[in-house]
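>
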Amino acid sequence: MRVFVAGAAGAIGQQLLPQLVAQGHQVTASTRSPAKAARLRELGAEPVVVDGLDAMAVGEAVARAEPEAVVHQMTSLAGGSDLRYFDRTFAVTNRLRTQGTDHLLAAAAAAGARRFIAQSYTGWPNIRGGGPVKTEDDPLDSDPPAAQRESLAAIRYLERVVPAAAPLQGIVLRYGSFYGPGASDAFVGLVRKRRLPVIGDGAGVWSFLHIRDAAAATVAALEHGRPGVYNVVDDEPARVTEWLPFLARAVGAQPPRRIPVWLGRLAAGEVAVTAMTQIRGSSNARAKRELGWQPAWPSWRQGFSGGLAAAEPVRGAA
Ligand SMILES: NC(=O)c1ccc[n+]([C@@H]2O[C@H](COP(=O)([O-])OP(=O)(O)OC[C@H]3O[C@@H](n4cnc5c(N)ncnc54)[C@H](OP(=O)(O)O)[C@@H]3O)[C@@H](O)[C@H]2O)c1
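One gets this note's numbering by counting positions in the sequence shown from 1 and adding 114 to each.
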């Protein structure tokens with residue numbers, strides 16, 4: 115298949131391109147940076163330099179590539195995120211999820227593409243009530259922390275317009291929290307420095323995903339799955355009190371500190387408190403059933419022990 119990957123030089127793109135090429139797909143890959151074009155070529159793709167917020171340039175690049183499928187992996191998170199000012203640090207990502215999605219959908223439709231796959235996220239967007247694990251049929255949070263409202267609105271927008279883009283077959287992949295090569299250094303750094311404490315009861319439930327498995331699910335979604343939204347996460351949603359001490363042990367760090375909610379709110383804000391105490395995890399049953407995908411790293415237990423730097427699971431690592 116001819117595939118156009120927008121935002122291909124990031125953490126997920128660098129895992130995705132070799133998997134697409136290995137499956138025999140012919141890939142055009144975008145970056146804004148001429149300096150990254152050589153890397154995209156090394157990964158087996160034909161690079162194109164384009165800004166995802168420039169509708170004309172996107173239209174032209176996609177038209178030239180004549181893709182059968184378009185994959186939207188554009189985010190702007192490389193600068194890290196300050197949870198206290200969540201919407202501010204996600205501002206460009208939110209534009210890429212709204213305007214960027216519109217531009218790419220229009221370009222894909224005009225070029226006669228058949229399939230459109232877009233990156234979304236699962237974890238904090240889930241409703242923070244009821245059971246610990248949510249499916250795609252559960253509602254999203256109707257009352258997110260004030261600092262996350264714009265970011266949730268952008269996710270809602272993307273998740274509404276992509277599956278409704280017929281005749282394009284629009285698939286939204288809600289990736290869980292990434293770890294793995296190029297995806298977890300900052301996070302692990304905080305754990306090593308004991309700057310990621312358990313706040314309150316640590317009852318927040320997280321769904322993780324090895325970045326290589328995110329890429330594999332994306333390849334699967336080129337050929338499988340009806341238009342719609344899919345949670346792409348591992349098999350073991352887990353409370354902060356389970357995974358955070360485990361991660362600290364796995365990287366040889368001291369156990370995480372524990373701090374009360376009031377101190378967490380003061381030090382890191384409401385988003386950090388809800389992430390540590392209230393968020394819900396996600397079920398991958400639909401993705402397994404309809405995309406024919408299985409995570410090679412079924413649990414963060416195995417992944418944190420052997421998969422933070424590795425692209426392939428080591429047999430017996432758990
Ligand atoms: N589910 C998750 O947990 C999740 C999801 C995404 C990212 N992350 C994490 O966030 C961190 C940063 O991610 P990242 O390394 O992928 O970097 P990033 O800054 O999020 O960039 C991702 C891709 O989006 C592109 N992009 C950014 N702004 C663009 C624009 N205006 N127009 C077109 N393309 C644009 C970048 O292109 P250029 O090549 O032009 O810079 C890059 O290819 C990593 O640790 C990653 O694991 C986590």
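Even for Gly, the Cβ is constructed at its ideal location relative to N, Cα and C.
Taking the alpha helix (DSSP H) that residue 333 falls in, what are its first and last residues?
That run of the alpha helix (DSSP H) goes 325-337.
> Counting pairs of Cβ atoms below 8 Å between the stretch 197-205 and the stretch 214-233, do you hit three or more?
Contact between the stretch 197-205 and the stretch 214-233 is absent, because fewer than three Cβ pairs lie under 8 Å.
> By the DSSP assignment, the alpha helix (DSSP H) with residue 132 in it spans what residues?
Residue 132 -> alpha helix (DSSP H) spans 125-136.
> For residue 186, name the three-state secondary structure that DSSP assigns.
Strand.
> Which complete alpha helix (DSSP H) runs does the stretch 150-235 hold, if anything under 4 residues is left out?
Fully enclosed alpha helix (DSSP H) runs of 4 or longer: 169-179, 200-203, 205-224.
> Express the C-alpha separation of residue 342 and residue 294 in angstroms, rounding to a whole number.
Using only the alpha carbons, I get a separation of about 27 Å.
> For residue 431, which of helix, strand or coil comes out of DSSP?
Legend: pLDDT at residue 431 = 45, less than 50; position of this residue unreliable, no value from coordinates given.
> Within the continuous alpha helix (DSSP H) that includes residue 321, where are the two ends?
Unbroken run through residue 321: none, as it is neither H nor E.
> Count the CB pairs spanning the stretch 324-335 and the stretch 405-417 that are closer than 8 Å, and state whether there are at least three.
The stretch 324-335 vs the stretch 405-417: in contact.
> Report yes if the C-beta of residue 127 is less than 7 Å from at least one heavy atom of ligand 1; otherwise report no.
True, at least one ligand heavy atom lies under 7 Å from that Cβ.
> Since residue 283 is in the beta strand (DSSP E), which residue starts that stretch and which ends it?
Segment 283-289, the beta strand (DSSP E) holding residue 283.
> Can you name, in chain order, every residue of its own chain whose Cβ lies under 7 Å from the Cβ of residue 432, other than the five neighbours on each side?
Summary for residue 432: the model assigns pLDDT 41, below 50, so the residue's position carries little reliability; its value from the coordinates is reported in the next sentence. 415, 416, 419.
> Below 8 Å on the Cβ atoms is my contact criterion, and I expect residue 177 with residue 221 to pass it. Report the Cβ-Cβ distance as a whole number of Å.
The pair is a contact, with the Cβ atoms about 7 Å apart (cut-off 8 Å).
> Can you look up residue 119 in the DSSP assignment and give me helix, strand or coil?
It is a strand residue.
> Kindly list the residues whose CB is nearer than 6 Å to the CB of residue 247, restricted to its own chain and excluding five residues on each side of it in sequence; keep chain order.
Excluding residues within five positions, the ones whose Cβ falls inside 6 Å are 351, 395, 397.
> For residue 326, count the other beta carbons within 10 Å of its own beta carbon; 16 or more makes it buried, fewer makes it exposed. Which is it?
Buried, by the Cβ-count rule.
> How about residue 128 and residue 157: are their beta carbons less than 8 Å apart?
Their beta carbons are under 8 Å apart, which means residue 128 touches residue 157 by this criterion.
> Residue 388 and residue 317 - do their beta-carbons sit closer together than 8 Å?
No, they are not a contact pair.
> Could you tell me the alpha carbon to alpha carbon distance between residue 401 and residue 349, rounded to whole angstroms?
Roughly 11 Å separates the two Cα atoms.
> Would you say residue 239 lies against chain B (beta-carbon separation less than 8 Å)?
Among the chains of the structure shown, chain B does not appear; only one protein chain is present.
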